[in-house]
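Only one structure is covered here, and it is reproduced in the block below.
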Amino acid sequence: MEKVTFGARGELSGYACGELHKPGLVVLQEWWGITEEIKLQAQKIASEGFRCVVPDLYKGTLGVDQEEAHHLMTNLDFPQAVGEICEAAKFLKESGCPSVGVTGFCMGGALTILSLPASADIACGVPFYGVPQGFDASTVTKPCQGHFGALDEMKGFSDSETAAKLGEDLKKGCAQSEVFVYEGVGHAFMNADPGRPNIKEGVNVSTGFPALNKEVQDKAYGRMIAFFKAHL
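Start counting the sequence shown at 1451; every next residue gets the next number (the working numbering).
As structure tokens, then:
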């Protein structure tokens, strides 16, 4: 992946991959930061014919355990982060992408939903297991496709009850929106190893989440790619 800078003064940074002038996607991190896992996700998506940018919302900092990751997420200025996501979308459009979407995982899933009404440059979004608290998702009038695990125990953020409520609200704003809840998987099910995500070379963190289910992962990934190809 290549390092890129963007923003009005070039003050923001991130990583990019994929061919120029393809549909663009802003790919958003989990609460850990820009891990090896999120870079691999972006590269895999880019191989389907997209130009991807992963904005560095933590400015180079990584959470190498759950306590630090929680501290980083709770101290993140979410409105500022949404602004940076909008700048990343603008960067993709100005770089030649005909249209731009956004996808994210965990914290990045919640930010995906928040960014949809915030930028005219963003056409659609796919959040994975993350819902912003206190936000009325019925105000999202753009297509949005959510993915959640039935065994997810993060109440109010990504459990199945929260996912169902999100689906109802999104439908009020856009008939094309939908939410899928998958049996047998929990939080972070899109990671190569949900129970021990790869943070950086030589560093994996134990999460206690249910093990990888490749069938579910492939189904969710296929739905996401088909969604973006239909809407971008």
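Backbone N, C-alpha and C define an ideal beta-carbon position, used for all residues, glycine too.
Treat the numbers as computed from the prediction; the structure is a model and nothing was measured.
Item	Value
Given a cut-off of 8 Å on the beta-carbon distance, is the pair C1547 and K1472 in contact?	yes
If G1634 and N1663 are in contact, beta carbons under 8 Å, what's the gap, nearest whole angstrom?	6 Å
Is the beta carbon of M1640 sitting closer than 8 Å to the one on F1678?	no
Considering only C-alpha positions, which residue in the set S1627, S1588, L1616 and G1617 is nearest to C1594?	S1627
Could you tell me whether the segment 1615-1630 touches the segment 1464-1482, where touching means 3 or more Cβ pairs closer than 8 Å?	no
In three-state terms, what does DSSP make of L1522?	helix
With DSSP collapsed to three states, give me the class of Y1632.	strand
Is the segment 1552-1560 touching the segment 1569-1586 in the sense that three or more CB pairs, one from each, lie closer than 8 Å?	yes
Among the residues of its own chain, which have a CB less than 7 Å from the CB of G1468, if the five just before and after it don't count?	A1496, F1500, R1501 and C1502
Indicate the three-state DSSP secondary structure (helix, strand or coil) for T1485 in the structure shown.	coil
Please work out which residues of its chain come closer than 7 Å, Cβ to Cβ, to A1531, disregarding the five sequence neighbours upstream and downstream, and give them in chain order.	L1507 and L1561
If I measure Cβ to Cβ from D1586 and keep anything under 8 Å in the same chain, skipping five residues before and after, which residues do I get?	D1619
Leaving out five residues before and five after D1609 in sequence, what residues of the same chain have Cβ atoms less than 7 Å from its Cβ?	D1602 and E1603
For G1533 and A1568, I'd like the C-alpha separation in whole angstroms.	8 Å
Pull up the DSSP beta-bridge partners for N1648, would you.	N1654
Report the residue from L1462, A1538, Y1671 and K1509 whose alpha carbon sits nearest the alpha carbon of H1415.	For residue 1415 there is no data in the structure shown, the boundaries of the chain being 1451 and 1682.
When the Cα atoms are used, what is the spatial distance from T1591 to G1623?	5 Å
Please report how far the alpha carbon of C1536 lies from the alpha carbon of I1484, in whole angstroms.	18 Å
So the beta strand (DSSP E) A1466 belongs to, where does it begin and stop?	L1462 to C1467
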